[in-house]
Amino acid sequence: MAQKRAVLVLSDGSAYFGSGLGAPSLRAGELVFNTGMTGYQEALTDPSYAGQILLMTYPLIGNYGLNHEWVESGKVHVEGFCVRQDYGAPHHIKSEHNLDSYLSDNGIGGISGIDTRALTRKIRTHGVMPAALEVFEEKEADISALVEKARATDYSQLDFVEKVSTGKMYSSHPSSNAQTISGKKVALLDCGVKGNIIHELNKRGCEVMVFPAFTKADEIRSFSPNGVVVSNGPGDPARLGSIVAEMKTLMKDYPLMGICLGHQLLGWAAGSKTYKLKFGHRGGNHPVLDKKLGRVAITTQNHGFAVDEAGLGPDWEITHTNLNDKTNEGIAHKSLPIFSVQYHPEAHPGPRDSMYLFDQFVKSL
Amino acid sequence: MPRDSTIKKVLVIGSGPIVIGQSAEFDYSGSQACKALREEGVKVILLNSNPATIQTDPALADRIYIEPLQADVLERIIKDERPDGLLATMGGQTALNLAMEMHQKGVLDRYGVRMLGTGIDSIHAAEDRGAFNRLIASIHEPQLKSVAATSHEQAREFAQTHGFPLILRPAFTLGGTGGGIARDKAEFDSLLTLGFTLSPTHQILIEESVLGWAEFEYEMMRDGEDNCITICNMENVDPMGVHTGESVVVAPSQTLSDDEHQMLRSAAIKIIRALKIEGGCNIQFAVNQKTGEYVVVEVNPRLSRSSALASKATGYPIARVAAKIALGYSLHEILNAVTQTTPASFEPALDYCVLKIPRWPFDKMPKAERRLGTQMKSTGEVMAIGRTFEEAYLKAMRSLEQKSPVIKDAELEHHLTQPTDLRFPAVLRALQLGWGRDKVATLTSIHPWFIDRFAAIAQMEARLKSEPFSIPLLASAKRMGFSDAHISSISGQEEHALRSLRIKAGIKPTYKMVDTCAGEFEAKTPYYYSTYESENESVRSARRKVVIIGSGPIRIGQGIEFDYCACHASFCLRQLGIESILINNNPETISTDFDTSDKLYFEPLTFEEVLNVIEQEKPDGVIVQFGGQTSINLAERLAAAGVPILGTPLDGIDIAEDRERFRELLSRLGIAQPKNGTARNQPEAIAEAARIGYPIVVRPSYVIAGRGMAIVNDEEELKTYIAEAVDVSEKRPVLIDQYIDRAIECEIDGVGDGERLWIAGLMEHIERAGVHSGDASCVVPPVRLKEEVQAKLLEYSRAISKSLGIVGAINIQYVVRDDVIYVLEANPRASRTMPYLSKATGIPIVQLATRVQLGEKLKDIAPPEPLSLPYYAVKSVVFPFLKLRGADFVLGPEMKSTGESMGIDQSFPIAYYKSLRGANLRLPAKGTIALSLKDGDKERALPLAKQLISLGYSIAATPGTAAQMAELSGRIQVLKKLAEGEPNLVSELKAGRIQMVFNTPSKGGRASSDGFAIRRASLEANVPCITNFEAAEALAEALAAAQGGEVKPKCLQEYWKKE
């Protein structure tokens, strides 16, 4: 078998050649970087990465392998994967696959051996940009075709939520070893939910009813939940006005928690808008100040848009701020049990400092 | 919370002399803390007995006390200075123990001094094993089954219940001193006795063994508002059972899944919160990677060697932030000094792999046991940064500057199963022999992921050996981290040709920045490492610039003194507005701190890597005088490559280092030298020795710190020496010198400008000639040398310096017998006494030496020569013998000390007394002193014994020594020889009835078996043992002076005041 090769081409015309990983393929997406040093499998399977080619800034990826446990959804969602160095023979008692075979099984291509730091600096300077990644064996890649493909890709003009959301409603019940069985039911709007959000709610004794993202408020009401969670997910929140509309009515009657995309949608519901960040926040080391507690949490982040604090209505307050760039990380309603955070309290991957938010939410039910 | 404005004056405690387990990292953390405090307008009072430290510079402390780190001294300073706060978490275990003692004695309360940062209760909870275990249990974190035993009975009971192997750790000792693994009852009993003796609280933690589990460390930080962050996690490549200071360590962890990493991180946060640490701490975990279970091993509630490593590995200045927290700030109120835009309350993201490898002293102490365990034996360490593990490993190995001894195939399994310093070379060798990854992993208990990395290196070596040479192959090898020299040694091409070929093919290093954030934000502090990638981030400035070559890892003979010099050179350049560019690889030191130089390259100090940096930066000059032998050895090749070397012309360096040329120079100047010769083989050596006359000093040419040097008394000894020394010195000849005994050794340090020599000091050694200058105690100004001899010494020095064309630093060593002066050697570089002289005189000598190298003249910049000080400054040294089993501590021409202290006082005996206490010697105020002297010294014992008796000491002596003191018969206790039964010196030491030993070893340094046992027993009983008669005499004077009145600490600034 010929050795797999790969090329990553950016919309600015630059090309990076490396070894191929995973499935021979040609895909395009928005090139983004993540600074986490562990948790590559959780990232690969995070639906929020739909439409994006993910680059890991940590150079050694695949060390401890991959398995059926460290997943956040049923499949790999990235359009492509870029690493400096992958290891074909991982070692971990729980490892079942190496990176190459895992990507192959999921039909996704990857590239290794490239100067990932140079690319990171490029994105930092110029912002995220469209790119195309081709993994090939025999024929040579057609660079100009790849440039065209990259340039033809506009992340902001695509709808991803409907592709990653559940097709039909289902329920997830607390496991028998949950801390307590609260008997509470949570309706979760699945915009591309990470598995651990459901798990953390289950762990706190809640039954989680997972609804397709575009479910109408009335249908959700008919299941008489005790509270609503709007999940994380991919894409530009400005395209999801229909979800915002349903949230507005649900908010009147239920405690609500928004996470990541869910936070951005709550921002819209609170009268604000969102805007695109130059290169987003992706990693597990971002400091966020919880203004009420006066305490800093190190958080997992994965977002390319942020809530514009200027537009928030008078009933809303800013609860969390990113200490790196002072962008908004959380809002809450001043009198109702409604709040959201831009980051990922469910971790997976990343620090578990913010699990208390789930406690706070479950307590409000 | 904003800064607490009631804190105006802070006392910072340093860690004292460099010893195994407590090295330059505490000058690094202490200095960073001082800087952070002064930034806030806090007045800093500094106590440290080690003069070779940056923290004891006037730029970092307002009041500097170079005084013993002893409770009485500290109490007196607190009484005199009345600080608002005490910062004790920067000076290692020494500072922490002292602070605890101050608290227990009520001193802190009495004078209203607050412990800043982590408080007394937290320190107690982390350090007292019983309290720690209870705390860990209370937060439901898993821990090892253990007992904090205070008696033999309690210890044995635990052993009976749990069986062997067991780990023993004496409480409150540093670097695991006295600890170890007991595999059976005999080992257990001997460790118990030693541990109870060494632990200041007579407590030993005994715990079940998790040998073979993986070890992880978390560097944590917490502020007063309970914000917690992880600076870095690190994985020990060596499994549990090898002290973390002895382990090869990689950052970040490589084999943990995110789930496991977060599990440990969360546990670490739980622990730091429960302990209420305010500042930094280090938490160690053991993980069974077959089951996923873990246990908490221990917590260091202070800055540590690991925190220094974590700082350098991530770019995060832990000590600086900890000091700000101690002043009351919260983490998010402190700025990340590297990005200067983001707060300190974040967790660094690495986009590279960092490896630390310890540097062991077994090359200097071949008889010491090489096996690694729970007690530290290494003196220093190197760090390397690469984009892959392989690259970091290969770079780190080069940074050690140590040729790995050839491992015999028959001994491979031994090195793999019993961890020694050679285990990683052994792993590589085993893989080359085709042993297979699983077998090697099983034998070593090293995680197979790491074994695979070594396999990749072995495979590349095999390719270089077997495949025809090609550019793509060369590119792959370079990208993996192979040096040109390494490739050339395998492929056979000459290194220089390979370099040209490589550069022509465009295979050149790129430099990447260490920026704390994996490129996410723009960083302002340029700290670089090389790698073979596509983008080079280092941008050459248009400014005038100078490169300083550092001194690499701390080893015996090349210690923190040289780092001090490199730092000062950098400070000087920056003051002059010249861009300073430093190259070094020692993570413990200040020279590799992010703000010491304008640009830092964290690189191995090989010809190739140094030249690469120089080609990148194209500096106006390169300074080679301040990196010890490491940098001076590179001068010739660099100059040949067209690099502008600053200072003394190469020819001058060559004359100083070439014996023949140096001999010619001296004879031209009419200055005497010990008779000497050169021999290339045994017959030549025998003939030369006969001509010169025994005793002789023999050594291989071009040495660092007397490596392989010995005093030889007869032909028989000479034959043995030649047989051993030839492979030490490779193709270089053996040098033979007349040994001038019963003489005074002395040396000068100075700065030349090509014409004039400015002399910084004339130092007289206290021990007789024959002790390596680095091991000798010395004093400025001299006390025994006649004035006319001193004048002559200065005159000779000026003549030699001028003839060599010295521009910059020089050190010249002399021996004086019967007023005749002989030159021993001239070193055309900064010496290890330069920091000590700087502290003694208050003159920044290195800065002077730097400025002349930039072309300035002494007449324009030099202060008057500080030759007649109105006080005495004595340098004493510390030895690593306790940590190195099997090593004898007889002093000779081979350097063995690891660090130094200084004592300063109006009176010489008191200055000596202070320096000895500063060197951690526990000088008894009363009790029994045992004498066991060699022929030649015995005869002089009587007046010494009388003096000691008059001071109130009792005297015990071995039979031969006692026989020389018939006059005192009946008033002294006569001990038996060891073979003749008890009481003998060893049994009395064990019984705690001897408080000090004077034992001078017979026959030019060769240990008689009794002497060896006596010295070892005194070490293990923690009783001072003086092995040099002149030192014993000076000590008796010092004890007498100390009894004569209160010994008072006084700050350096008081001494330096112009009268």
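Protein sequence lines, in the order shown, are assigned to chains Y and Z. Residues 1 to 365 in the working numbering are what the first sequence lists, from first letter to last. Residues 10001 to 11059 in the working numbering are what the second sequence lists, from first letter to last. Ideal Cβ positions, reconstructed from N, Cα and C, are used throughout, including at glycine.
Practice prompt. Please state whether DSSP places F214 of chain Y in a helix, a strand or coil.
Written response: In the first sequence, counting from the first residue as 1, residue 214 of chain Y sits at position 214. If DSSP states are grouped into helix, strand and coil, F214 of chain Y belongs with coil.
Practice prompt. Compute the Euclidean distance between the alpha carbons of P10844 of chain Z and A10033 of chain Z, then round it to the nearest angstrom.
Written response: Taking the first residue of the second sequence as 1, we reach residue 10844 of chain Z at position 844. Taking the first residue of the second sequence as 1, we reach residue 10033 of chain Z at position 33. So the alpha carbons of these two residues sit roughly 22 Å apart.
Worksheet item: Among Z:P10733, Z:V10877, Z:P10695, Z:L10669, which one has its Cα closest to the Cα of Q10682 of chain Z?
Response: Within the second sequence, residue 10682 of chain Z is the residue found at index 682, counting from 1. For the residues Z:P10733, Z:V10877, Z:P10695, Z:L10669, the minimum Cα distance to Q10682 of chain Z belongs to Z:P10733.
Discussion item. Only counting the same chain, and skipping five residues up and downstream in sequence, which positions put a Cβ closer than 6 Å to that of A10485 of chain Z?
Written reply: Working through the second sequence from its first residue, we reach residue 10485 of chain Z at position 485. For A10485 of chain Z, where only same-chain residues beyond five positions count, the Cβ hits under 6 Å are E10495.
Worksheet entry | Per-residue contacts from L10331 of chain Z into chain Y (C-beta, under 7 Å) | Within the second sequence, residue 10331 of chain Z is the residue found at index 331, counting from 1. Listed along chain Y are V296, each with a C-beta nearer than 7 Å to that of L10331 of chain Z.
Worksheet item: With respect to the alpha helix (DSSP H) encompassing W10758 of chain Z, which residues constitute its N-terminal and C-terminal limits?
Response: Reading the second sequence from its first residue, position 758 is the one you call residue 10758 of chain Z. Boundaries around W10758 of chain Z are those of the beta strand (DSSP E), 10757-10768, since no alpha helix (DSSP H) includes it.
Worksheet item: So, do the segment 10855-10872 of chain Z and the segment 10583-10594 of chain Z have three or more beta carbon pairs nearer to each other than 8 Å?
Response: The segment 10855-10872 of chain Z and the segment 10583-10594 of chain Z do not touch, with fewer than 3 CB-CB distances between them shorter than 8 Å.
Item to complete: Assuming T10961 of chain Z contacts A10941 of chain Z (C-beta within less than 8 Å), just tell me the rounded distance between them.
Response: The residue given as residue 10961 of chain Z occupies position 961 in the second sequence. The residue given as residue 10941 of chain Z occupies position 941 in the second sequence. The beta carbons of T10961 of chain Z and A10941 of chain Z sit about 6 Å from each other, so the pair counts as a contact at 8 Å.
Worksheet item: Buried or exposed: A11063 of chain Z, going by 16 or more other Cβ atoms within 10 Å of its Cβ?
Response: Residue 11063 of chain Z lies beyond the range of chain Z shown here (10001 to 11059); nothing can be said about it.
Worksheet item: Does any CB atom of chain Y fall closer than 9 Å to the CB of L10256 of chain Z?
Response: Against the second sequence, residue 10256 of chain Z aligns to sequence position 256. Put simply, the CB of L10256 of chain Z is near chain Y, with a gap under 9 Å to one of its CB atoms.
Fill in: Separation of A10319 of chain Z from V10751 of chain Z, as counted between CA atoms
By one-based count along the second sequence, residue 10751 of chain Z stands at place 751. By one-based count along the second sequence, residue 10319 of chain Z stands at place 319. So the alpha carbons of these two residues sit roughly 34 Å apart.
Item to complete: Quick one: which residues of the segment 10222-10233 of chain Z get their C-beta closer than 7 Å to a C-beta of chain Y? List them in chain order.
Response: Residues passing the 7 Å Cβ filter: E10225, D10226, N10227, I10229.
Discussion item. If I measure Cβ to Cβ from I10018 of chain Z and keep anything under 6 Å in the same chain, skipping five residues before and after, which residues do I get?
Written reply: Position 18 of the second sequence, counted from the start, is the residue given in the question as residue 10018 of chain Z. Sequence-distant partners of I10018 of chain Z (beyond 5 residues in either direction) whose C-beta falls short of 6 Å from its own C-beta, in its chain, are G10559, I10560, T10898, G10899.
Item to complete: Have a look at I93 of chain Y and N67 of chain Y and give me their C-alpha separation to the nearest angstrom.
Response: If you number the first sequence from 1, residue 93 of chain Y lands on position 93. If you number the first sequence from 1, residue 67 of chain Y lands on position 67. Cα to Cα, I93 of chain Y sits roughly 10 Å from N67 of chain Y.
Fill in: Beta carbon proximity, T319 of chain Y to chain Z, threshold 9 Å
Numbered from its first residue, the first sequence carries residue 319 of chain Y at position 319. So, not an interface residue.
Discussion item. Using a 10 Å radius around the Cβ and a threshold of 16 neighbouring Cβ atoms, would you call P10301 of chain Z buried or exposed?
Written reply: By 1-based counting over the second sequence, the position of residue 10301 of chain Z is 301. It is buried - the Cβ of P10301 of chain Z has at least 16 other Cβ atoms within 10 Å.
Worksheet item: Under 9 Å between C-beta atoms, does L10 of chain Y make it to chain Z?
Response: Position 10 of the first sequence, counted from the start, is the residue given in the question as residue 10 of chain Y. For L10 of chain Y, no Cβ of chain Z is located within less than 9 Å of the residue's own Cβ.
Discussion item. Against P351 of chain Y, what residues of chain Z qualify as contacts under a CB-to-CB distance less than 7 Å, listed in chain order?
Written reply: Taking the first sequence and counting its residues from 1, one reaches residue 351 of chain Y at position 351. The answer, in chain order, is Q10262, R10265.
Discussion item. Taking a contact to mean a Cβ-Cβ separation below 9 Å, would you say S10541 of chain Z touches K10512 of chain Z in this structure?
Written reply: Start at 1 with the first residue of the second sequence, and residue 10541 of chain Z comes out as number 541. Start at 1 with the first residue of the second sequence, and residue 10512 of chain Z comes out as number 512. Not a contact, by the Cβ cut-off of 9 Å.
Worksheet item: Does any residue of chain Y bring its CB to less than 9 Å from the CB of A10396 of chain Z?
Response: In the second sequence, counting from the first residue as 1, residue 10396 of chain Z sits at position 396. Taking 9 Å as the threshold, the shortest C-beta distance from A10396 of chain Z to chain Y does not fall below it.
Item to complete: Would you please state the rounded distance, in angstroms, between the beta carbons of V11023 of chain Z and V10986 of chain Z? I believe it to be under 8 Å.
Response: As a first step, residue 11023 of chain Z must be located in the second sequence, where it is residue number 1023. As a first step, residue 10986 of chain Z must be located in the second sequence, where it is residue number 986. Taking a contact as a CB-CB distance under 8 Å, the pair V11023 of chain Z and V10986 of chain Z does not count as one, their CB atoms being some 11 Å apart.
Item to complete: Compare the C-beta of H77 of chain Y against all C-beta atoms of chain Z and say whether one is closer than 9 Å.
Response: Mapped onto the first sequence, residue 77 of chain Y falls at position 77. Chain Z, which has no Cβ nearer than 9 Å to the Cβ of H77 of chain Y, makes this no.
Practice prompt. Measure from the C-beta of T38 of chain Y to each C-beta in chain Z and report whether the shortest distance is under 9 Å.
Written response: Taking the first sequence and counting its residues from 1, the one referred to as residue 38 of chain Y is at position 38. In terms of beta-carbon proximity, T38 of chain Y lines the interface with chain Z, with at least one pair separated by less than 9 Å.
Discussion item. Which of the three DSSP states is assigned to N10713 of chain Z in this structure?
Written reply: Taking the second sequence and counting its residues from 1, the one referred to as residue 10713 of chain Z is at position 713. N10713 of chain Z falls in the coil class under three-state DSSP.
Fill in: Element boundaries [beta strand (DSSP E), containing F81 of chain Y]
For the purposes of this step, residue 81 of chain Y is identified with residue 81 of the first sequence, where counting begins at 1. It spans 80-83 - the beta strand (DSSP E) in which F81 of chain Y sits, taken as one unbroken run.
Practice prompt. Step through the CB atoms of chain Y and report whether any lies within less than 9 Å of the CB of C10034 of chain Z.
Written response: Locating residue 10034 of chain Z in the second sequence gives position 34, where the first residue counts as 1. Judged by the 9 Å Cβ criterion, C10034 of chain Z is not in contact with chain Y.
Practice prompt. Mind listing the chain Z neighbours of W268 of chain Y? Cutoff is C-beta to C-beta under 7 Å, in chain order.
Written response: In the first sequence, residue 268 of chain Y corresponds to position 268, counting from 1. For W268 of chain Y, there are no neighbours in chain Z by C-beta distance under 7 Å, as the nearest C-beta there is about 27 Å away.
Discussion item. Let's test the definition: count the other Cβ atoms within 10 Å of the Cβ of K10545 of chain Z and tell me whether it reaches 16, buried, or not, exposed.
Written reply: Translated into positions along the second sequence, residue 10545 of chain Z becomes position 545. If you draw a 10 Å sphere on the C-beta of K10545 of chain Z, you find 16 or more other C-beta atoms in it, and that means buried.
Practice prompt. With DSSP as the reference, label P24 of chain Y as helix, strand or coil.
Written response: Here residue 24 of chain Y refers to the residue found at position 24 when the first sequence is read from its first residue. Reduced to three states, the DSSP call for P24 of chain Y is coil.
Worksheet item: Of all the CB atoms in chain Y, is at least one closer than 9 Å to the CB of L10978 of chain Z?
Response: In the second sequence, residue 10978 of chain Z corresponds to position 978, counting from 1. By this cut-off, L10978 of chain Z is not an interface position.
Fill in: CA nearest to the CA of A10384 of chain Z, picked from Z:P10649, Z:Y10527, Z:M10834
Position 384 of the second sequence, counted from the start, is the residue given in the question as residue 10384 of chain Z. Its Cα nearest to that of A10384 of chain Z, the residue Z:Y10527 stands out among Z:P10649, Z:Y10527, Z:M10834.
Practice prompt. Please classify L10074 of chain Z: is it buried, with 16 or more other beta-carbons within 10 angstroms of its beta-carbon, or exposed?
Written response: Position 74 of the second sequence, counted from the start, is the residue given in the question as residue 10074 of chain Z. With a 10 Å radius around the Cβ and a threshold of 16 neighbouring Cβ atoms, L10074 of chain Z comes out buried.
Worksheet item: Where does I10272 of chain Z sit, in a helix, a strand or coil, going by DSSP?
Response: To locate residue 10272 of chain Z, count along the second sequence from 1; it is residue 272. When secondary structure is reduced to three states using DSSP, I10272 of chain Z falls in the helix class.
Worksheet item: Below 9 Å between beta carbons: does that hold for V32 of chain Y and L55 of chain Y?
Response: Start at 1 with the first residue of the first sequence, and residue 32 of chain Y comes out as number 32. Start at 1 with the first residue of the first sequence, and residue 55 of chain Y comes out as number 55. Yes, Cβ-Cβ distance for V32 of chain Y and L55 of chain Y is below 9 Å.
Worksheet item: P10604 of chain Z: which of Z:P10782, Z:L10582, Z:A10286, Z:I10325 sits nearest, CA to CA?
Response: Within the second sequence, residue 10604 of chain Z is the residue found at index 604, counting from 1. Of Z:P10782, Z:L10582, Z:A10286, Z:I10325, the residue nearest in Cα terms is Z:L10582.
Worksheet item: Between N196 of chain Y and A347 of chain Y, is the Cβ-Cβ spacing less than 9 Å?
Response: Your numbering for residue 196 of chain Y matches position 196 in the first sequence. Your numbering for residue 347 of chain Y matches position 347 in the first sequence. The criterion of a C-beta distance shorter than 9 Å is satisfied by N196 of chain Y and A347 of chain Y.
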